[in-house]
Structure formats: structure tokens, C-alpha cells
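Here the numbering used here is used: position 107 in the sequence shown is 166, and no number is missing along the way.
Using N, Cα and C, we set each Cβ at its ideal position, and we do this for glycine too.
As the structure is a computational prediction, the values presented were derived from the model and not from experiment.
Structure first, then comments.
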Amino acid sequence: MTDGEAMRRWLCFLLILGLAVIPIQASDAPKYVALTFDDGPNGRFTKNLLDGLEQRGICATFFLSGYRVEQFPQLAKRIAQQGNEIGNHGYSHKLFTKLTPEGVCADLSRSAEAIREATGQEPTLLRPPGGLFDAEILKNIPCANLPIILWSVDPMDWCCKDAATIAKRVTSKVKDGDIILMHDMSESSVEAAFRIIDTLELQGYEFVTVSELAWMCGTRMENGVPYYRFSKKASISLRVADTEPWTKPGFPPPLPFSAVFSSRVSSRRSPSKAPMA
Ligand code: ZN
């Protein structure tokens, strides 16, 4: 065999190997993203969003504003009842960087109280309005004692009225482990969210809450620490692909896994290996 033939055979082998391996990796490795909605509930648009999420069997994370929760307690309640995760976005949407530490504490406490009153649940996460905060100040405020969730994909939906454009801004750049920032404050945002879900699901993405995303990526979130996205750790990605961890005692883990997500995961397992109710 000449050197040229040997090289051609070697290249052929690599090509065949690539074709065989790439589809397996693409279809076998689950990709997870979290949709987050800020500033609601909104009396005009949140209901449509919840209807669409429910139809698609998806849970998102809502960073609620306390004054709106007081205006629309039934919507806040439905957000929780559908299994969505709830974060505290402050009561008045005043920027934390313009408040004193006492002011931040009062704003967060009042919002948490409104959320508790309407939903019967404690907020599990914190997103400061505008994503602006002083980490040192927040660390020393007991009422801000939650993981701080920022974002890695921002389609600027609040200033765009075209759903297709908003959706494209997300689907063209999203990656496994991303946190997507949106607002349930306009029809175009809600429509864009549905387009994003429908497009990315076809690409093998699953939509989970922020705490679920952290867990799927092997991160145990800490209070007072900001998170922008989560990177999957090798050991966890293997565990997720495997059926065994889901059957072990103590699973689901002590994190707020939504019933919707648990049932979606269970439905992918064989009945004998799916003990989750
Ligand atoms: Zn906001």
C-alpha cells in the first residue's frame, strides 16, 4: 500500500467514525436550559404564558415583583400550582444599588411576604431588579439569603415587539446550561417564549427550572452567590444519561424538582425503573 492509499484509508476511517459517533452523542446527551420570566405576574399576558407552558408540559422560573403579586394573587398562585419555580425580584422593582442595605432588606421581605401569602411558598431564588447589586452588601443581609440568579442569554424582549426576532436572538446562541432572561410583560415576549420552546425542543433541549438546571449540571447552589449559567460536570452528565440514579433511595434529591419535570423524566424510563410518583 502506498503512503497516499494509507492516508486515504485513515481519513475514510476517521470520517466513518465521526459519522457514527456524532449522532449518538447528539441524541443521547440531554441538553437543558431554563426559561426565566421577570417582573410579573402581568394581568394581561401571564395567563396566556401559563396556558402555553401547561400545554407543552414545561416549567419555568418566575422572578415575581411583590407589588404585582398583590395585584394578581390568583396568577401568582397558578404559577406555583403549575410547578414553576418562584424567585424574589423585590417588591417595588427599585434598583438595589439605589437603596440602603435596610431598604433592600425591607423591599425583599415585603415581596417574600406577598409571595408567601399568595402562593403558600417561599421564594427559592433571588434576582435583583436589573441584575444590579453589591455582592458584599447582599451577603450581609439575612433577608437576601438566597442564590442570586442572573442570566447568560438576554434577547432584550422588553424593547422588541417582534416575536420572531426575540426568538431568533435566543435560538441562535443558546447552549446547554444557559439561563434565558425574559419578561411576561408583552404579547410578543409570550409568543417568542413559545417559539423558543418549540424550536429548541426539536433540537433536543429540555426546559427545566433554575434549581433543576443547577442540579442537572452538578451544582449545589449557595446563598449569596451569583450564577449566570451552569456548566455540566462530566460525572453528572453520565449520571443523567444513566437510569440507575433515578431509582436509588433518596431520589429525587432535596431540591425543588417540579412534578412536571419528574413525570417527564419518569416517562423516559422503563416502568420497572421509574419509581417516582
Ligand atoms: Zn425586572
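With DSSP run on the structure shown, which of helix, strand or coil describes residue i?
i: R327; result: No answer about R327 holds up, because its pLDDT of 43 lies below 50 and its placement is not dependable.
i: T156; result: helix
i: Y150; result: coil
i: T224; result: helix
i: Y126; result: helix
i: S296; result: Residue placement at S296 is poorly supported in this model, since its pLDDT is 42, which falls under 50; the coordinates still yield a value, given next. In the structure shown, S296 sits in a helix (DSSP, three-state: H, G or I).
i: F192; result: coil
i: K291; result: coil
i: T120; result: strand
i: M241; result: strand
i: F131; result: coil
i: D110; result: helix
i: N234; result: Going by the sequence as given, residue 234 is Lys instead of Asn. Coil at K234, not helix or strand.
i: F310; result: Its pLDDT being 43, under 50, F310 is placed unreliably in this model, and the value from its coordinates should be taken loosely. The answer is coil: DSSP assigns F310 none of H, G, I, E or B.
i: I200; result: coil
i: L184; result: strand
i: D98; result: coil
i: V229; result: helix
i: V267; result: coil
i: A88; result: coil
I'd like to confirm something about residue i: is its beta-carbon nearer than 7 Å to some heavy atom of the ligand ZN, or not?
i: P182; result: no
i: P132; result: no
i: P188; result: yes
Taking only beta-carbon positions, decide if residue i is within less than 8 Å of chain D.
i: R137; result: You won't find chain D in this structure, because it holds only one protein chain.
Taking the alpha carbon of residue i as the reference point, which residue from the options has its own alpha carbon closest?
i: D221; options: V212, S245 and D237; result: S245
i: A93; options: V233, C218 and S247; result: V233
i: Q140; options: T156, S170, L109 and F266; result: L109
i: I207; options: D213, L197 and P214; result: L197
i: L112; options: R254, Q262, F131 and F289; result: R254
i: Q130; options: P285, I174, K291 and I145; result: I174
i: A165; options: I200, M215, T178 and G146; result: I200
i: P187; options: E176, G179, G162 and T178; result: G162
i: R103; options: I239, D243 and S290; result: D243
i: E176; options: D193, Q133, L261 and E260; result: Q133
i: I225; options: V212, L261 and S151; result: V212
i: K227; options: G236, M215, D235 and E172; result: M215
i: Y91; options: V267, Q180, E172 and S168; result: V267
i: P285; options: K153, E195 and L261; result: E195
i: L167; options: Q180, A88, T178 and H152; result: H152
i: I117; options: N282, E260, G146 and G283; result: E260
i: K157; options: D193, P182, S290 and E172; result: D193
i: S231; options: N147, N282, Q262 and C219; result: Q262
i: G146; options: T178, A88 and W217; result: T178
i: A273; options: F289, N282, T258 and G283; result: F289
For a test of your reading of the model: does the CB of residue i fall under 7 Å from any non-hydrogen atom of the ligand ATP? Yes or no.
i: D97; result: The ligand ATP is not among the ligands present in this structure, which contains only the ligand ZN.
Between residue i and residue j, which are expected to be in contact by the criterion C-beta below 8 Å, what is the C-beta distance as a whole number of angstroms?
i: I256; j: R137; result: With a Cβ gap of about 18 Å, I256 and R137 do not count as contacting.
i: F155; j: L205; result: About 13 Å separates the two Cβ atoms, so there is no contact after all.
i: G189; j: S170; result: Not a contact, Cβ separation roughly 15 Å.
i: Y264; j: W210; result: That belief does not hold up - the Cβ atoms of Y264 and W210 are roughly 16 Å apart, past 8 Å.
i: A119; j: V128; result: Not quite, the Cβ-Cβ distance comes to about 16 Å (not below 8 Å), so this is no contact.
i: V229; j: E144; result: That pair is no contact at about 19 Å.
i: T95; j: M241; result: 7 Å
i: L185; j: A203; result: 6 Å
i: K291; j: D235; result: 6 Å
(request) Examine the Cβ distances between the segment 115 to 129 and the segment 95 to 102 and report whether three or more of them are shorter than 8 Å. (result) Enough Cβ pairs lie closer than 8 Å, so yes.
(message) Quick check: the segment 247 to 254 against the segment 270 to 289, are at least 3 beta-carbon pairs closer than 8 Å?
(response) The segment 270 to 289 is not in contact with the segment 247 to 254.
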